[in-house]
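Each remark here refers to the structure printed beneath this line.
Protein chains in written order, with UniProt numbering: chain A, 1 to 350; chain B, 1 to 324.
Here it is, written out as structure tokens:
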């Protein structure tokens, strides 16, 4: 045992790694990150470098009862997301939208998505209490963490305008009474998308993996062709697979979360404080870090292809990341986007 | 409609699952899609078990009964039959809170929750009576196996998430009830419970909790023989959507080495075939046990190799020194 020998020869105290990590997580991580011999080769406790993300793995279409589903594994975090469409009839809506913006032409393609929010056609929900971590035990109401997560996911779904309301409308054109009459298109019903996210295992960075799972499941979603049947006066669907249509998503926003680790001042003024911005923190690092930044970028679907767009920045818990650091983080997020986009590319193209 | 302020709620008007036109307009359409049992009466479906899926838990396992490849699947969006997918994580044993009264043995808590997308009708996030009932059945099955006296004053949580469950009958039969198959007897629950017993057994073994034996679950059912009308045959590991009429079903938690049964749950009109049914279920349990044993052996071998590798790595990896 090499470590035992060094412990006797030098007065420094040496612990096995798990014990060191448990009793003093902050200095454990700092000891890892500040490698005085080779500063460029410093690694985190999980063996990644500060800028390194975990590689995502995605499998779609595994769930029978969903219109779209995805299983995402990011390191030790695994998430199952299922998208299920149900029909909301127009007569069940208490306060229907006044206009019917679906005129069928492309001019209105970018407008008229208010229904998604006002009619609550998107119902995302998330469950952490599946024994995914030792503290997430079922039987309790959703924790504030879970509520925050799902609110963030819902607002990101709406603010990125990733879904088009026209994909969710079920339009009926009645046969014209006279040959000259212009048919009056009516929105008879809407698809409501239930997006359910179950965490099987959680090891940090719940938001990124949940969002990736939602994105993959939405890309995998194929809604059956629905129509208003005049004879039965109800909405029916066709069960022919070739008539089912995928959702046309706007762009591909990918979230990247960073955690800021404040190095301790060693007391001597020469060294000062040192901070590390860690990409894709795991559960241990999340417990140590106070400040966190979440950047959502998209490099397609914008004005020009290949042009990166920042769709959202969320930052909380401290003041280390300033304007210059943020520039670097956006760059790292764009690199992350390329990787995730490559993994997502295979999804939904079939 | 009750609203849950901690979750995102559905539109207030309520939504309905899509209805396929051909199921209403062409009477024989659904029957033409019905999967048929291609297995012999005592042949089981393949199962896939993996341990260690939740690294932060003390023990965990995942079980899947892959759905048989079907030719009709490509011609319709109506899913032929679902495949059972269950994940289980074991948290503990850990000390009970100070406020809890003294317990001389391990306190076992079992929770079964279906995911919202686990079945044909969407399920809620709050546990319903069916899930609570299944949880009690699972607890009975596991309690007889764990040697609880070795952990006084501690508790263990067995948390089972059903990602996808077996259906109760073929499509539409729950509504029509024409031939008695969909008379509200939830046959799919038997398969779910058997899967839950098997997967929790694997997770408990993965957690290293002392047990007298490995428990495993098995199902048998009495069904009308499609070839000879009126005849009744016993099938192991029934898939409810494959059978037009299930007369009785039984699930057991079975300890093969001791030849003991910790849990029996029987449903339906049994007649005089009780012993035959229980015996069939134990045969099915022995089948899943053989998979379980192999998987656990593999995971133990993997762990031992990992430990040996870890020792070697430790000598090369520099120990981090504690400063300050």
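Here a beta-carbon is modelled for each residue, glycine too, at the ideal position from N, C-alpha and C. Here the structure is a predicted model, which is why all the values come from computation and not from measurement.
Which residues does DSSP pair with residue i in a beta bridge?
| i | result |
| --- | --- |
| residue 20/B | 237/A |
| residue 84/A | 194/A |
| residue 63/B | 49/B and 86/B |
| residue 170/A | 189/A |
| residue 162/B | 86/B and 114/B |
| residue 218/B | 252/B |
| residue 314/A | 294/A |
| residue 42/A | None; residue 42/A has no bridge partner. |
| residue 77/A | 74/A |
Which residues mark the beginning and the end of the alpha helix (DSSP H) in which residue i is found?
| i | result |
| --- | --- |
| residue 250/B | It is not in any alpha helix (DSSP H) - residue 250/B instead sits in the beta strand (DSSP E) that spans 246–255. |
| residue 125/A | No alpha helix (DSSP H) contains residue 125/A, which is instead part of the beta strand (DSSP E) from 122–127. |
| residue 198/B | 188–207 |
| residue 287/A | 283–288 |
Which residue from the options puts its Cα closest to that of residue i?
| i | options | result |
| --- | --- | --- |
| residue 182/A | 189/A, 190/A, 188/A and 173/A | 173/A |
| residue 364/A | 246/A, 186/A, 346/A and 146/A | Here chain A has residues from 1 to 350 only, and residue 364/A is not among them. |
| residue 242/B | 274/B, 142/B, 296/B and 67/B | 67/B |
| residue 46/A | 17/A, 68/A, 72/A and 23/A | 17/A |
| residue 163/A | 250/A, 317/A, 292/A and 14/A | 250/A |
| residue 337/A | 290/A, 277/A, 212/A and 316/A | 212/A |
| residue 316/A | 69/A, 26/A, 326/A and 307/A | 326/A |
| residue 123/A | 97/A, 151/A, 134/A and 138/A | 151/A |
| residue 287/B | 46/B, 39/B, 26/B and 12/B | 46/B |
| residue 129/B | 120/B, 23/B, 114/B and 141/B | 114/B |
| residue 116/B | 88/A, 143/A, 81/A and 116/A | 81/A |
| residue 262/A | 254/A, 287/A and 283/A | 287/A |
| residue 50/A | 260/A, 137/A and 62/A | 260/A |
| residue 270/B | 234/B, 240/B and 188/B | 234/B |
| residue 220/B | 138/B, 193/B, 23/B and 209/B | 193/B |
| residue 225/B | 22/B, 33/B, 147/B and 40/B | 40/B |
To the nearest angstrom, how far is it from the Cα of residue i to the Cα of residue j?
| i | j | result |
| --- | --- | --- |
| residue 92/A | residue 238/A | 22 angstroms |
| residue 285/A | residue 29/A | 8 angstroms |
| residue 120/A | residue 66/A | 19 angstroms |
| residue 114/A | residue 165/A | 8 angstroms |
| residue 238/B | residue 170/B | 13 angstroms |
| residue 60/B | residue 200/A | 10 angstroms |
| residue 102/B | residue 140/A | 23 angstroms |
| residue 223/B | residue 246/B | 5 angstroms |
| residue 152/B | residue 106/B | 6 angstroms |
| residue 258/A | residue 279/A | 5 angstroms |
| residue 177/B | residue 64/B | For residue 177/B, the predicted structure reports a pLDDT of 41, less than 50, and the residue's modelled location is therefore unreliable. The matter cannot be settled from this model. |
| residue 330/B | residue 213/B | An answer regarding residue 330/B cannot be provided, because it is not within the stretch 1 to 324 covered by chain B. |
| residue 195/A | residue 127/A | 11 angstroms |
| residue 313/A | residue 256/A | 10 angstroms |
| residue 322/A | residue 275/A | 12 angstroms |
| residue 351/A | residue 283/B | There is simply no residue 351/A to check, as chain A begins at 1 and stops at 350 in what is shown. |
| residue 224/A | residue 167/A | 11 angstroms |
| residue 197/A | residue 19/A | 34 angstroms |
| residue 235/A | residue 154/B | 55 angstroms |
| residue 293/B | residue 307/A | 54 angstroms |
| residue 3/B | residue 147/A | 15 angstroms |
| residue 236/B | residue 190/B | 12 angstroms |
| residue 201/B | residue 120/B | 27 angstroms |
| residue 319/B | residue 100/B | Summary for residue 319/B: the model assigns pLDDT 47, below 50, so the residue's position carries little reliability, and this model does not support an answer. |
| residue 44/A | residue 209/A | 20 angstroms |
| residue 136/B | residue 58/B | 22 angstroms |
| residue 300/A | residue 135/A | 39 angstroms |
| residue 168/B | residue 251/B | 15 angstroms |
| residue 6/B | residue 12/B | 16 angstroms |
The beta strand (DSSP E) with residue i in it runs from where to where?
| i | result |
| --- | --- |
| residue 111/B | 107–114 |
| residue 265/B | 260–268 |
| residue 256/A | 254–262 |
| residue 60/A | 56–60 |
At a CB-CB cut-off below 7 angstroms, which residues of chain C make contact with residue i?
| i | result |
| --- | --- |
| residue 94/A | In the displayed structure, chain C is absent; the protein chains listed are A and B. |
### Selection of the segment 75–86 of chain A by Cβ proximity to chain B, strictly under 8 angstroms
Along the segment 75–86 of chain A, going in chain order, the ones with a CB nearer than 8 angstroms to a CB of chain B are 76, 78, 80, 82, 84, 85 and 86.
### Under 8 angstroms (Cβ pairs) to chain B, residues found in the segment 184–216 of chain A
Those would be 192, 194, 196, 198, 200, 201, 202 and 203, in chain order.
### Proximal residues, the segment 117–129 of chain A versus chain B, C-beta separation under 9 angstroms
Correct list: 119, 120, 121, 122, 123, 124, 125, 126, 127 and 129.
### Residues within the segment 129–159 of chain A neighbouring chain B, beta-carbon criterion of under 7 angstroms
Per Cβ criterion, the list reads 130, 131, 132, 133, 134, 137, 138, 139, 141, 142, 147, 150 and 154.
#### Entry: Residues within the segment 82–103 of chain B neighbouring chain A, beta-carbon criterion of under 9 angstroms
Answer set for the segment 82–103 of chain B: 82, 83, 85, 87, 88, 89, 90, 91, 92 and 94.
### Query
Closer than 8 angstroms, Cβ to any Cβ of chain B: which residues of the segment 53–68 of chain A, in chain order?
Taking 8 angstroms as the Cβ-Cβ cut-off against chain B, the residues of the segment 53–68 of chain A that qualify are 62, 63, 64, 65 and 66.
#### Entry: Contact set between the segment 17–34 of chain B and chain A, restricted to residues whose Cβ is under 8 angstroms from the partner
Listed by position along the chain: 17, 18, 19, 20, 21, 22, 23 and 24.
### Query
Which of the residues in the segment 114–126 of chain B, read from start to end, lie with their CB under 8 angstroms from any CB of chain A?
Here the close residues are 115, 116, 117, 118, 119, 120, 122 and 125.
### Contact residues within the segment 152–165 of chain B, judged by C-beta distance below 7 angstroms to chain A
Within the segment 152–165 of chain B, the residues whose Cβ lies closer than 7 angstroms to some Cβ of chain A are 157, 159, 161, 163 and 164, listed in chain order.
### Query
Going along the segment 237–266 of chain A in order, which residues come within less than 8 angstroms of chain B, judged by CB to CB distance?
If the cut-off is 8 angstroms between Cβ atoms, the segment 237–266 of chain A has 237, 238, 239, 240, 241, 244, 264 and 266 near chain B.
### Message
Short of 9 angstroms Cβ to Cβ, which residues in the segment 37–63 of chain B face chain A?
### Response
Within the segment 37–63 of chain B, the residues whose Cβ lies closer than 9 angstroms to some Cβ of chain A are 53, 54, 55, 56, 57, 58, 60 and 62, listed in chain order.
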